[in-house]
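Protein chains in written order, with this note's numbering: chain G, 1 to 224; chain Y, 1 to 236.
Accompanying notes for the structure given below.
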Amino acid sequence: MTLVRATGVILSKELRTEFRSRELLVTTAVFVLIVVVLFSFTFNPTSSESRRFGPGLLWLAFLFAGSLMLQSSFLREQTNDTLAALRLAPIDPFSILAGKMAANFLFLLLVEVILLPVFAVLYNVAILPVLTPLLLVLTLGTIGLAATGTVFSAVAAQARLRELLLPLLLLPVLAPVLIASTEATIGILRDPPELSLVWLTFLACFDVVFLTAAWMVGEYLLEE
Amino acid sequence: MATEAQSQTASSAAISAPSIVLVFLLLAAASYGALIWAPTENTMGLVQRIFYFHVSSAWSGFVSFILVFIGSVAYLRTRALKWDWLSVASAEVGVAFFTIVLVTGPIWAKPVWGIWWTWDARLTSSFLLWVLFVSYLVLRTLVEEPERRALVSAVFGIFATLDIPLVYFSIWWFRTQHPQPVIGDGGKLDSRMGWVLLLCWAATLGVMTVLIRLRYRLEALRAELDSYRMEASRDA
Chain G
1 MTLVRATGVI
11 LSKELRTEFR
21 SRELLVTTAV
31 FVLIVVVLFS
41 FTFNPTSSES
51 RRFGPGLLWL
61 AFLFAGSLML
71 QSSFLREQTN
81 DTLAALRLAP
91 IDPFSILAGK
101 MAANFLFLLL
111 VEVILLPVFA
121 VLYNVAILPV
131 LTPLLLVLTL
141 GTIGLAATGT
151 VFSAVAAQAR
161 LRELLLPLLL
171 LPVLAPVLIA
181 STEATIGILR
191 DPPELSLVWL
201 TFLACFDVVF
211 LTAAWMVGEY
221 LLEE
Chain Y
1 MATEAQSQTA
11 SSAAISAPSI
21 VLVFLLLAAA
31 SYGALIWAPT
41 ENTMGLVQRI
51 FYFHVSSAWS
61 GFVSFILVFI
71 GSVAYLRTRA
81 LKWDWLSVAS
91 AEVGVAFFTI
101 VLVTGPIWAK
111 PVWGIWWTWD
121 ARLTSSFLLW
131 VLFVSYLVLR
141 TLVEEPERRA
151 LVSAVFGIFA
161 TLDIPLVYFS
171 IWWFRTQHPQ
181 PVIGDGGKLD
191 SRMGWVLLLC
201 WAATLGVMTV
211 LIRLRYRLEA
221 LRAELDSYRM
231 EASRDA
């Protein structure tokens with residue numbers, strides 16, 4: 001089976017598992033909502049201020065959500081030791097990682113797209129005219145988040161205190177993504193909106209670097 | 001068999017007395033250069049002399065983190081635990097050097113800038129780098145089994161070192177877009193200052209090498225002890 005097809009099979013398995021219960025998506029979406037509401041107490045969320053601070057807190061909320069949501073990516077497999085079964089499959093071991101990465105990317109993007117309008121209403125930011133560039137930033141940022149997060153989820157799954165460990169590993173590594181996505185989003189929400197090519201290129205570079213790194217270490221990470 | 005090979009690595013990692021003497025001489029010369037020989041800087045005064053050890057510690061810290069990367073990649077390729085020992089030794093020494101950077105920085109900044117800390121590009125990225133490798137060390141404490149620990153920390157070590165340039169670029173662009181009130185240096189170095197800085201770097205590199213070898217040896221001895229314990233429990 002080719003890598004792409006195997007990845008597709010793993011991806012559809014992940015999606016099926018999640019959409020049967022939807023527990024991960026619902027919990028994460030509610031979590032982001034709580035963070036966004038709580039952030040409103042830390043400063044005065046009037047329109048001019050929210051243009052400056054809003055994107056940063058939105059991305060921080062996404063990063064926190066990712067660092068909690070991605071835990072289950074490999075923990076789910078541990079309950080019935082299904083990872084061992086996946087490993088037995090005659091497929092490239094990287095496709096297991098890639099499938100999970102793709103699934104995590106879609107879950108996170110879905111949560112983000114659901115919460116974007118809520119955020120826009122609560123913080124009085126007009127997003128409809130700039131939806132396309134905003135989605136581009138969301139996509140690029142979320143690829144980086146999902147790529148590193150899935151690998152670290154496999155790392156943390158093998159350690160003690162894993163619930164605490166994953167944010168500890170993930171958040172400092174994701175600092176460049178936070179900076180780049182926040183700055184790009186601030187630019188897009190500015191009046192008139194401007195698309196910062198520097199930050200978009202930077203996000204793309206981050207994604208390429210860590211997708212390549214994940215591809216290189218993937219097979220080692222999944223071995224028993 | 002395995003224990004013999006391991007005790008060999010442990011003894012080969014022992015440090016010879018001349019190399020320690022050499023490092024001490026280098027340190028003494030570097031201290032003399034930094035504290036006495038180098039001219040006093042015009043605007044900042046005596047406190048500027050901390051700069052020599054501040055900067056050279058940062059450079060040696062970088063070298064240590066590059067060694068973490070080398071050790072991690074080599075471990076994944078060869079599965080020889082000695083590469084993991086190199087990684088953990090270098091990571092600890094690198095964190096120690098960056099702790100020196102983060103402590104000497106504010107000592108320098110307070111009299112010169114009037115504040116202990118500013119979220120300037122270099123300060124922020126050094127701080128983030130320090131946090132990155134502290135989490136590497138925390139990860140190591142949370143995995144029991146040596147092979148597993150070596151594997152997962154090698155993966156994280158590679159990711160963390162790949163992140164260093166990205167952290168630097170992003171923070172640099174971020175901070176240069178925003179106006180910054182205080183930036184310390186600039187202007188030309190007196191040639192003596194340049195030489196003292198190089199000498200200090202040589203000295204901290206020497207300290208780094210000695211510490212990494214000591215720490216490596218400790219790790220090798222630990223592994224040896226573990227294998228004896230296993231043998232003893234098998235015999236019993």
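Ideal Cβ placement from N, Cα and C applies to all residues, glycine included.
Since I believe residue 64 of chain Y is in contact with residue 169 of chain G (beta carbons under 8 Å), could you give me their beta-carbon distance rounded to a whole number of angstroms? That belief does not hold up - the Cβ atoms of residue 169 of chain G and residue 64 of chain Y are roughly 19 Å apart, past 8 Å.
Interface residues of chain G around residue 170 of chain Y at Cβ under 8 Å? 175, 176, 179, 180, 202
Hey, is residue 111 of chain G's beta-carbon within less than 7 Å of any beta-carbon in chain Y? no
Output needed in chain order: residues of the stretch 92-112 of chain Y with a Cβ under 9 Å from some Cβ in chain G. none
Can you check the stretch 108-145 of chain Y for any alpha helix (DSSP H) of at least 4 residues that lies completely inside it and give the ranges in chain order? 121-141
Check whether the Cβ of residue 71 of chain G lies closer than 7 Å to any Cβ atom in chain Y. no
Distance, Cα to Cα, residue 141 of chain Y vs residue 64 of chain G? 23 Å
Helix, strand or coil for residue 163 of chain G, going by three-state DSSP, please let me know. helix
Once you ignore the five residues that flank residue 132 of chain Y on each side, which residues in its own chain have a CB closer than 6 Å to its CB? 160
Considering only residues of the stretch 16-89 of chain G, which uninterrupted alpha helix (DSSP H) runs meet the minimum length of 4 residues and lie entirely inside it, listed in chain order? 23-39, 47-69, 72-79, 82-88
The stretch 55-71 of chain G: which residues have C-beta closer than 8 Å to a C-beta of chain Y, in chain order? none
Report yes or no: is there a C-beta of chain G within less than 7 Å of the C-beta of residue 179 of chain Y? With a pLDDT of only 47 at residue 179 of chain Y, under 50, the local geometry of the prediction cannot be trusted, and the value read off the model is given with reservation. No, because no Cβ of chain G sits closer than 7 Å to the Cβ of residue 179 of chain Y.
So is the beta-carbon of residue 147 of chain G under 6 Å away from any non-hydrogen atom of the ligand NAP? Ligands in the displayed structure: none, and consequently the ligand NAP is not present.
Integer Cβ distance of residue 196 of chain Y from residue 38 of chain Y, believed to fall under 8 Å: 4 Å
Does the beta carbon of residue 167 of chain G sit closer than 7 Å to a beta carbon anywhere in chain Y? no
Any Cβ of chain Y within less than 7 Å of the Cβ of residue 155 of chain G? yes
Would you kindly work out how many angstroms separate the C-alpha atoms of residue 236 of chain Y and residue 225 of chain Y, rounded to a whole number? 16 Å
Whether residue 187 of chain G touches residue 94 of chain G by CB criterion (7 Å): no
Alpha carbon to alpha carbon, how far is residue 11 of chain G from residue 20 of chain Y? 56 Å
Residue 231 of chain Y - DSSP class collapsed to helix/strand/coil: helix
How big is the Cα-Cα spacing for residue 122 of chain G and residue 96 of chain G? 39 Å
Counting only beta-carbon separations shorter than 7 Å, does residue 163 of chain Y have a partner in chain G? yes
Cβ-based neighbour list, residue 163 of chain G, same chain, cut-off 7 Å, excluding 5 preceding and 5 following: 71
Run the CB neighbour count on residue 321 of chain Y, radius 10 Å, all protein chains shown included, and call it buried at 16 or more, exposed below. Residue 321 of chain Y is absent from the model: chain Y starts at 1 and stops at 236.
Does any C-beta atom of chain G lie closer than 7 Å to the C-beta of residue 135 of chain Y? yes
Three-state secondary structure (DSSP) at residue 41 of chain Y? strand
With DSSP collapsed to three states, give me the class of residue 58 of chain Y. helix
If you reduce the DSSP assignment to three classes, tell me which class residue 123 of chain G lands in. coil
Since residue 150 of chain G is in the alpha helix (DSSP H), which residue starts that stretch and which ends it? 131-156
Could you have a look at residue 192 of chain G and say whether DSSP puts it in helix, strand or coil? coil
Using a Cβ distance threshold of 8 Å, determine whether the stretch 95-114 of chain G contacts the stretch 170-185 of chain G, with at least three qualifying pairs required. no
With a CB to CB cut of under 8 Å and the five nearest residues on each side skipped, what residues in its chain are close to residue 4 of chain Y? With a pLDDT of only 49 at residue 4 of chain Y, under the threshold of 50, the placement of this residue in the model should not be trusted, and no figure is reported.
Over the uninterrupted alpha helix (DSSP H) stretch that includes residue 23 of chain Y, give me the two end residues. 17-32
If you drop the 5 nearest sequence neighbours on each side, which residues of the same chain put their C-beta closer than 8 Å to that of residue 167 of chain G? 64, 67, 68
DSSP-derived helix/strand/coil call for residue 79 of chain Y: coil
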